[in-house]
Amino acid sequence: MTDSNHISCSFTVTSGALCFGTLSNMLQGAQALIQSPPTPSPRLTGTVVAHQFEHNVPAKNGTWNAYKLRDIDSPRVDGWFAAHQEVDPLPELTKILRVAGSPYEETENTFNNDATRTEKVFLVNRYDWGYYVGGDGVEEVEDEEDELAASNTVGLVDYVHGNALVQKWARQKSRKRKPSENGVWMYIPDAEYMWGRFGFNDDYTEARSFLYFTQRTDFSKTTAFQRELMLNLGESGHLMCACIGRGLHLDSGPLSGEGIWGSHGAFPMRFQV
Numbered sequence: 001m002t003d004s005n006h007i008s009c010s011f012t013v014t015s016g017a018l019c020f021g022t023l024s025n026m027l028q029g030a031q032a033l034i035q036s037p038p039t040p041s042p043r044l045t046g047t048v049v050a051h052q053f054e055h056n057v058p059a060k061n062g063t064w065n066a067y068k069l070r071d072i073d074s075p076r077v078d079g080w081f082a083a084h085q086e087v088d089p090l091p092e093l094t095k096i097l098r099v100a101g102s103p104y105e106e107t108e109n110t111f112n113n114d115a116t117r118t119e120k121v122f123l124v125n126r127y128d129w130g131y132y133v134g135g136d137g138v139e140e141v142e143d144e145e146d147e148l149a150a151s152n153t154v155g156l157v158d159y160v161h162g163n164a165l166v167q168k169w170a171r172q173k174s175r176k177r178k179p180s181e182n183g184v185w186m187y188i189p190d191a192e193y194m195w196g197r198f199g200f201n202d203d204y205t206e207a208r209s210f211l212y213f214t215q216r217t218d219f220s221k222t223t224a225f226q227r228e229l230m231l232n233l234g235e236s237g238h239l240m241c242a243c244i245g246r247g248l249h250l251d252s253g254p255l256s257g258e259g260i261w262g263s264h265g266a267f268p269m270r271f272q273v
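Note that my numbering gives residue 186 to position 186 of the sequence shown, counting from 1, and the numbers run on in steps of one.
See the structure below:
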């Protein structure tokens, strides 16, 4: 299981569901009935292809742990991953990336389909949330240092606490919002385009993990801390390696330094678990 030293924060789900997205998305999700495990098909909406669903999902009750995905050369946060405490995060993250990783990298699927349903992964794409989906907006405190923060950062919150936590966070600048015992605000600086990926249980009845990333996020370079890590991100072979413990690279050159190096993307990352 996970080394607790690398957990960014934890929160508790008691309602059997999570609301997700921007503050406006989460408020809409909290005011809607809990939807069945979503299986939407992509549809042409105007000039873009999008999915239609409520911004809530059935989710496993209990403690969820959240992790920051950091640039390996700086403290900058470029992604987030959250998972129920009973879920081993590294295999879960590896599976999600294999099934439906970043559209900027080689990935098997970019929309929800039969294959993603079979693999128990639910995709939330760029045009599926944020201001693209409309609805009543939540008036937020403006952040002059990050003009995109209000519409281009998301959170996860226990369904029953959605309304209250949205109102609390709306009074704070996006980059200043602290995690709650009922949810987490996943701030990524200067995010413009956003994607989410839910991992479901084997019966596809409840979510057990959530990955959030942006156009800045590169998953091809990660670091494993104090444990054996096996990554296999698809048949392309761009990133297929085993790392025991800490301090190994996989690249065209010899193994050295710290982390696991792949071959696509510009933003090296470390996954703190």
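We treat Cβ as the ideally placed atom computed from N, Cα and C, and that holds for glycine.
Can you look up residue i in the DSSP assignment and give me helix, strand or coil?
| i | result |
| --- | --- |
| Ser41 | coil |
| Ser24 | helix |
| Val17 | The sequence shown places Ala at residue 17, rather than the Val named in the question. DSSP places Ala17 in strand when its eight states are reduced to three. |
| Gly62 | strand |
| Leu156 | strand |
| Gly257 | Caution is warranted here: a pLDDT of 29 is assigned to Gly257, below 50, making its placement in the model unreliable, and no coordinate value can be reported. |
| Ala164 | helix |
| Ala32 | coil |
If residue i sits next to residue j, beta carbons under 8 angstroms apart, how far is it from one beta carbon to the other, in whole angstroms?
| i | j | result |
| --- | --- | --- |
| Thr205 | Pro58 | 6 angstroms |
| Phe111 | Phe198 | Incorrect: roughly 14 angstroms between the Cβ atoms, too far for contact. |
| Arg117 | Glu108 | Their Cβ separation, rounded to whole angstroms, is 13 angstroms, which puts Arg117 and Glu108 out of contact at 8 angstroms. |
| Glu106 | Phe219 | Rounded, the Cβ-Cβ distance is 11 angstroms, inconsistent with contact. |
What residue from the options has the CA that sits closest to residue i's CA?
| i | options | result |
| --- | --- | --- |
| Arg216 | Ser36, Pro40, Gly29 and Ala191 | Ala191 |
| Glu140 | Ile34, Val157, Val166 and His6 | Val166 |
| Asn25 | Asp202, Ser209, Tyr127 and Phe200 | Tyr127 |
| Val124 | Thr47, Ile7 and Thr22 | Thr22 |
| His51 | Trp129, Val138 and Pro179 | Trp129 |
| Thr45 | Cys9, Gly137 and Tyr132 | Tyr132 |
| Ala170 | Pro189, Tyr104, Tyr193 and Val138 | Val138 |
| Asn113 | Pro38, Gln28 and Ser74 | Pro38 |
| Ala66 | Glu105, Phe219 and Trp185 | Trp185 |
Might you give, ordered along the chain, the residues of its own chain that have their beta carbon closer than 7 angstroms to the beta carbon of residue i, omitting 5 neighbours on each side?
| i | result |
| --- | --- |
| Phe213 | Gly79, Ser102 and Trp195 |
| Asn182 | Phe11, Thr12, Val157, Asp158, His161 and Leu165 |
| Ala32 | Glu54 and Asn56 |
Excluding the 5 residues preceding and the 5 following residue i in the sequence, name in chain order all residues of the same chain whose CB lies nearer than 6 angstroms to its CB.
| i | result |
| --- | --- |
| Phe20 | His55 and Leu156 |
| Gly162 | Cys19, Met26 and Ala30 |
| Ala17 | Ile34, Asn56, Pro58, Ala59 and Tyr159 |
| Leu93 | Phe81 |
| Asn201 | Arg208 |
| Val278 | Outside the shown range of the chain (1 to 273) lies residue 278, about which nothing can therefore be said. |
Excluding the 5 residues preceding and the 5 following residue i in the sequence, name in chain order all residues of the same chain whose CB lies nearer than 8 angstroms to its CB.
| i | result |
| --- | --- |
| Gly62 | Thr12, Val13, His84, Gln85 and Glu86 |
| Tyr187 | Val77, Ala149, Thr153, Ser174, Arg175 and Arg177 |
| Ser209 | Phe81, Ala82, Ala83, His84, Val87, Pro89, Glu92, Leu93, Ile96, Phe198 and Gly199 |
| Lys68 | Ser8, Val77, Gly79, Trp80 and Gln272 |
Report task. Mind listing, in chain order, the continuous beta strand (DSSP E) runs of no fewer than 3 residues lying wholly within the segment 173-228? Result -> 183-186, 194-200 and 207-214
Query raised in the report: At which residue ranges does the segment 67-140 contain complete alpha helix (DSSP H) runs of 4 or more residues, listed in the order of the chain?
Result: 89-100 and 114-118
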